[in-house]
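The sequence shown begins at 536 in the numbering used here and counts up by one.
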Amino acid sequence: MQDQSFNPFHMAQAQFDHVADLLELDKSARQLLRNPMREYHFNIPVRMDGGAVEVFRGFRVQHNDARGPGKGGIRFHPQETINTVRALAMWMTWKCAVVDIPLGGSKGGVICDPHNLSAREQEQLCRGWVRQVARDVGPLADVPAPDVMTSAQHMLWMLDEYETIHGAKYPGFITGKPVGMGGSLGRREATGYGVIYTVREALRELDLQPQNTLASVQGFGNVSQYAIELFNEMGGKVICVSCWDQDDQTSYTFRKNSGIVLEELRSITDHFGGISKDRAKDLGYEVLPGEAWLEQEADILMPAAIENQITKDNVEKIHSRVRIIAEGANGPTTPEADQVIHKRNIFLIPDFLANAGGVTCSYFEQVQSNINYFWEKEDVLGRLDTKMTAAFQAVSEMAKKRNLYMREAAYVISVNRVAQACKDRGWI
Ligand code: GLU
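(1) Excluding five sequence neighbours on each side, which residues of the same chain lie with their C-beta closer than 7 angstroms to the C-beta of Leu558?
(2) Measuring straight from C-alpha to C-alpha, what distance separates Arg592 and Gly663?
(3) From the DSSP output, which residues share a beta bridge with Gly770?
(4) Exposed or buried, Pro580, counting other C-beta atoms within 10 Å across all chains shown (16 or more means buried)?
(5) Hey, out of Val683, Gly643, Arg858, Gly809, whose CA is closest to Thr785's CA?
(6) So, at 8 angstroms on beta carbons, what are the nonlocal neighbours of Glu656 in its own chain, with the 5 sequence-adjacent residues on each side left out?
(7) Looking at C-beta atoms only, is the number of pairs between the region 678 to 686 and the region 868 to 876 that lie closer than 8 angstroms three or more?
(8) In the structure shown, what three-state DSSP assignment does Gln781 receive?
(9) Given a cut-off of 8 angstroms, decide if Gly794 and Ile774 are closer than it, judged by their beta-carbon atoms.
(10) Please name the residue in Gly863, Ile636, Ser855 whose C-alpha comes closest to that of Ile731.
(11) I need the boundaries of the beta strand (DSSP E) containing Asn951, first residue and last residue.
(12) Could you tell me if His689 is buried or exposed, where buried requires 16 or more neighbouring beta carbons within 10 angstroms of its beta carbon?
(13) Within 7 angstroms: the Cβ of Ser897 and any heavy atom of the ligand GLU?
(14) Is the beta carbon of Phe544 sitting closer than 8 angstroms to the one on Ala622?
(15) What residues in its chain sit with their C-beta under 7 angstroms from that of Pro885, if we drop five residues either side in the sequence?
(16) Is the distance from the Cβ of Leu560 to the Cβ of Ala954 below 8 angstroms?
(17) State the Cα-Cα distance for the pair Leu741 and Arg937, rounded to the nearest angstrom.
(18) Would Lys852 be called buried (16 or more neighbouring beta carbons within 10 Å of its own) or exposed?
(19) Cβ of Ala680 versus every heavy atom of the ligand GLU: is any distance shorter than 7 angstroms?
(20) In chain order, what residues of the same chain lie with their CB nearer than 7 angstroms to the CB of Glu826, ignoring the 5 residues before and after it?
(21) On a CA-only basis, which of Gly754, Leu694, Asp959 is nearest Thr788? Give me that one, please.
(22) Straight-line CA distance for Val822 to Asp648?
(23) Taking the alpha helix (DSSP H) that Glu913 falls in, what are its first and last residues?
(24) Can you check the region 807 to 887 for any beta strand (DSSP E) of at least 3 residues that lies completely inside it and give the ranges in chain order?
(25) Between Gln548 and the rest of its own chain, which residues show a CB-CB distance below 7 angstroms, the 5 nearest in sequence each way excluded?
(26) Using a Cβ-based criterion (distance less than 7 angstroms to any ligand heavy atom), does Gly643 qualify as near the ligand GLU?
(27) Can you find the residues in the same chain that come closer than 6 angstroms, C-beta to C-beta, to Leu765, ignoring five residues on each side of it along the sequence?
(28) Only counting runs of 3 or more residues, tell me where the beta strand (DSSP E) segments fall wholly within the region 645 to 704, in order along the chain.
(29) Among residues of its own chain, excluding the 5 on either side of Met572, which ones have a beta-carbon nearer than 8 angstroms to its beta-carbon?
(30) Can you list, in chain order, the residues of its chain with a C-beta nearer than 7 angstroms to that of Ser896? Leave out the 5 residues immediately preceding and following it.
(31) Give the secondary structure of Tyr898 by DSSP, where H, G and I count as helix, E and B as strand, and everything else as coil.
(32) Can you list, in chain order, the residues of its chain with a C-beta nearer than 8 angstroms to that of Ser540? Leave out the 5 residues immediately preceding and following it.
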């Protein structure tokens, strides 16, 4: 379960403060960057199928747009908080900067559990979210995308509402749209594949062969499934995945020592990434407690679910075999746990580098939408690999040159780029 006292925004600010000290940033840059530029909090009334109206709380936070329009997903989550959205918006700023795409950082959210909403209710919620911020977002201002528990279908409803309000077609308003409706081939795979492009580079640095490595993964949503797909293609073996069980309101780890079979697990998974426990047992999976994924004798750990998962209370359980942690999720590791990982000399691929493939492909989607010409999938994935590999190498070189932990090195590059853009614009 999530620790309710955990404040992800304080964590994001602490990470920023640490790097601001390292970079000796001046006071104005610190003031500007440690808080969002703008935020919107609003009510979304939805008429439910039963006839009654329920009011949902929604948010959009625009952290910084000095390098280009704000960019970032919208999460549907029952435990969503404004502080989570603030942290995620800030991390988007650093994410777009580390892969050097001309976009800023934003994030949105709605406090809701889509498991309990019909398709019609979800559509109304999407349209209602857009109605509340339609004048404050847009292709040249702030561009939303999918995130935890939101999909291409949600993006299309949002686009349709935005275009209805503004009376014209604006395919660049939102990314993660369905292919054939302005979406990009490869967008579905992009975040998970991006994680594995960086894992491949880390393995190379450590002189390890993918075919000799075992991975343990937390999460079985979009990021995790495509990360597993590409890791398997490279010859690596995933021994377990852990995910949330909606019926039991807890999580479980599903292990198969011979390696989990992606297609088999996909066939018993709901579209929010929840695996059916009984059917998994029938297929020969061992069902362990949710946290067991972290204790596995594996070479690579991939937390690819949500924030605040590797904490001071469980970090010591990480097996001595682990060489790489690739953060597919945003903010999965708390600062105390991070110090332990650093001390143990585990090669960390920090979240806003490891999972930047999604937003990089979103940027490609915008480019394609703008020219109204769509690329082949190989073309998209080839460009994605080039971008992710270049970003990884820049961070790794910075880490070596200045003797920094990978997270610090990524922050140094991003914060420098964003602070410079603010200075060049004459903001500070
Ligand atoms: N939600 C994804 C992320 O956290 C993608 C954002 C986007 O494509 O704008 O990076």
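Backbone N, C-alpha and C define an ideal beta-carbon position, used for all residues, glycine too.
Since we're looking at a predicted model, the values are computed, not measured.
The relevant details are as follows:
(1) Val947, Val950, Asn951
(2) 11 angstroms
(3) Looking at the DSSP assignment, Gly770 forms no beta bridge with any residue, so it has no partner.
(4) exposed
(5) Gly809
(6) Val581, Met583, Asp584
(7) no
(8) coil
(9) yes
(10) Gly863
(11) Per DSSP, Asn951 belongs to no beta strand (DSSP E); it is in the alpha helix (DSSP H), 941 to 959.
(12) buried
(13) yes
(14) yes
(15) Glu862, Met941, Arg942, Ala945
(16) yes
(17) 19 angstroms
(18) exposed
(19) yes
(20) Asn849
(21) Gly754
(22) 25 angstroms
(23) 912 to 936
(24) 821 to 824, 835 to 838, 859 to 861, 882 to 884
(25) Arg569
(26) no
(27) Tyr728, Ile731
(28) 677 to 681
(29) Gln597, His598, Asn599, Asp600
(30) A quick correction: the sequence has Cys, not Ser, at residue 896. Counting only Cβ-Cβ distances below 7 angstroms, and skipping sequence neighbours, we find Ser719, Gly721, Arg722, Ala725, Val915, Leu919.
(31) helix
(32) none
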